[in-house]
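Asker: Numbering (this note's numbering), first residue to last: 352 to 490. Every residue gets a Cβ at the ideal spot worked out from N, C-alpha and C, and that includes glycine. My structure is below; once you've seen it, I'll send some questions.
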Amino acid sequence: MSELDKFSGEIGCGTIVLGDLVRQNITIPEYQRPYIWDSERVKILLEDLSGYFESNQNKPDKYLLGSLILCNGKDKDGKDTLEVVDGQQRLVTLALILRVLNDSDSSKFLSKSEFAHSQSKTHIKENYDFIKSWFESKD
Numbered sequence: 352m353s354e355l356d357k358f359s360g361e362i363g364c365g366t367i368v369l370g371d372l373v374r375q376n377i378t379i380p381e382y383q384r385p386y387i388w389d390s391e392r393v394k395i396l397l398e399d400l401s402g403y404f405e406s407n408q409n410k411p412d413k414y415l416l417g418s419l420i421l422c423n424g425k426d427k428d429g430k431d432t433l434e435v436v437d438g439q440q441r442l443v444t445l446a447l448i449l450r451v452l453n454d455s456d457s458s459k460f461l462s463k464s465e466f467a468h469s470q471s472k473t474h475i476k477e478n479y480d481f482i483k484s485w486f487e488s489k490d
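Listed below in structure tokens is the structure:
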């Protein structure tokens with residue numbers, strides 16, 4: 352049973368680690384606004400994550416990304432999904448970071464989400480390239 356399963360069919364709140372979250376079938380519904388984070392917002396997140404993990408290497412503390420609001424829904428294939436109500440910008444950016452890091456556990460994370468807005472597609476491409484170059488500069 353995943354951490355999110357305990358909230359099935361009810362309103363609840365809790366904490367979930369990213370490793371558990373990325374294994375969920377999460378989609379971004381069409382009604383969501385476009386993904387608009389620019390490279391400056393992405394850089395702030397990357398530097399914050401980097402600084403946190405550098406200063407907490409030997410501690411079991413968890414980095415808190417803030418709140419997410421998810422609701423039960425169905426994907427286009429009729430399978431149960433969790434739809435993102437709030438937190439889309441952070442989740443998409445995290446999915447991009449994980450793809451750049453080639454994290455195999457998260458390869459399907461948000462993979463069923465379709466981005467109809469051309470603005471979303473542009474920012475996703477730009478931010479993927481930015482994240483890739485950011486990590487390359489750290490080597």
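1) Helix, strand or coil for aspartate 371 per DSSP?
2) Which runs of the alpha helix (DSSP H) at least 4 residues long sit entirely within the stretch 390-462? Give them in chain order.
3) What span of residues does the alpha helix (DSSP H) with glutamate 487 cover, start to end?
4) Would you decide whether glutamine 439 is buried or exposed? Buried here means 16 or more other CB atoms lie within 10 Å of its CB.
5) Rounded to whole angstroms, what is the Cα-Cα separation between valine 436 and cysteine 422?
6) Is valine 368 buried or exposed, if buried means 16 or more other CB atoms sit within 10 Å of its CB?
7) Report the rounded CA-to-CA distance for glutamine 375 versus leucine 452, giving the unit in angstroms.
8) Looking only at its own chain, which residues have a Cβ that is under 6 Å from the Cβ of alanine 446, when we skip the five neighbours before and after it?
9) Do you know how far the Cα of glycine 429 is from the Cα of isoleucine 482?
Answerer: Result, derived from the coordinates:
1) helix
2) 390-406, 439-451
3) 469-489
4) buried
5) 7 Å
6) exposed
7) 19 Å
8) Phe460, Leu461
9) 33 Å
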